[in-house]
Each structure stands twice: as structure tokens, then as C-alpha cells.
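Accompanying notes for the structure given below.
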Amino acid sequence: MKTLYAVLVAGIVGFGGVVTADEKAAPKIEGTYTIVGGVKDGVKAKVDQDGKPTVVTIDAKQVFLGEKGKGFVIAYKLVGTDSPTKMEMKILDAPPPFADAKGAQAYGLIAAKGDTLKLAYSLDKEKQPTDFSGKHGFAFELKKSAK
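Residues -21 to -1, 1 to 126, numbered by mature numbering (1 follows the signal peptide of the UniProt record, and there is no 0), are exactly what the sequence shown covers, in order.
The following block contains the structure:
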């Protein structure tokens, strides 16, 4: 389970915060999602938690990975108005096994289309992704949960 959280955090550090540039042009990413696919450095990544789907909740300022109050809290900032949109992330809170992850930053790319959200990111700013392949760093596909 620690491995799963580490992989997910590395890829989802990009969620969580302040929207910059023209807010009307920024993608609308708020909502509750389930991670349906993932890649780390070109290899398929595990995206469930002990056989259960991983839930991600995004509000206007933060991303919550797992159950609120028990999972990761990640601040995010959307940068620019291009599509896909660049994203910067920072872990604000992490469960006890990952307490050392607090403060970690990631640099990514995000795109929303219909009920699908795509996220790619790297912990190295110089290697910020330009696509969603996951060849270098992480890439995840999320589906919006039914209401």
C-alpha cells in the first residue's frame, strides 16, 4: 500500500490550489474522480488501494487523495490558459507513513474533456511533461464519479 501511495502522490502532487491567468479559460477540474489508469516512467502503475478504486476529490484550491482527513492534501496552481494546462503542485499534508513527503513539489500538465481528466507530472521542474505518455515521470487518467 505504501508503494501505491508513493506512486499516486508522485503523480497527483499537481492537484490542489490557486487558479492563475484567465480563470474562464482554465480547465474546470473540480469534482470527485476515480483513478482508472496510470503510468510511471513508461510502465503501467497500480492505481487501486488494496483492491478498491482510488478516489480523488478536487476543489478550487486543493486535491484530496483518498478519504478526506486520512489521505494526502495537495495544493495546486494552474499556470496559463493553454490546453493542456501547466500545473504546479505541493503536498500540504500526508498520512503518517508518508510524513516526509510534506512540502514535495511537482510540475505537470492537466487536461479535462467530458468526464475524463488527464494528469502528467514530474518531480523535476526541468522534466515537466509535454504530453500524457508517462514516459518520463507519471501520467494518470481519472473518470468523474457519478453523482
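Where is the CB? At the ideal position from N, CA and C, for every residue including glycine.
Span of the beta strand (DSSP E) around residue i
i	result
F51	F51 to V58
residue 203	The chain is shown only over -21 to 126; residue 203 falls outside these bounds and no answer can be derived.
G116	Careful: G116 lies outside any beta strand (DSSP E) and carries neither H nor E.
G21	Note, G21: premise wrong, no beta strand (DSSP E); not H, not E.
Same chain, Cβ closer than 7 Å to residue i, neighbours up to 5 away in sequence not counted
i	result
D38	E9
G50	F43, L44 and P74
Coarse secondary structure for residue i, derived from DSSP in three states
i	result
E46	coil
K106	helix
A78	helix
F111	coil
P32	strand
V26	coil
D1	Because the pLDDT of D1 is 46, which lies under 50, any placement of that residue in the model is unreliable, and the number read from its coordinates should be weighed accordingly. If DSSP states are grouped into helix, strand and coil, D1 belongs with coil.
A99	strand
D72	strand
E67	strand
Same chain, Cβ closer than 8 Å to residue i, neighbours up to 5 away in sequence not counted
i	result
S124	G10, T11, Y12, T13 and V34
P109	For the record, residue 109 in the displayed sequence is Thr; it is not Pro. These residues qualify, in order along the chain: L88.
E46	V34
Proximal residues to residue i (C-beta, below 6 Å), its chain only, five neighbours per side dropped
i	result
K114	G21
Segment contact, 8 Å Cβ cut-off, at least three pairs: the segment 62 to 80 with the segment 20 to 32
As far as the Cβ criterion goes, the segment 62 to 80 does not touch the segment 20 to 32, which means the pair count is below three.
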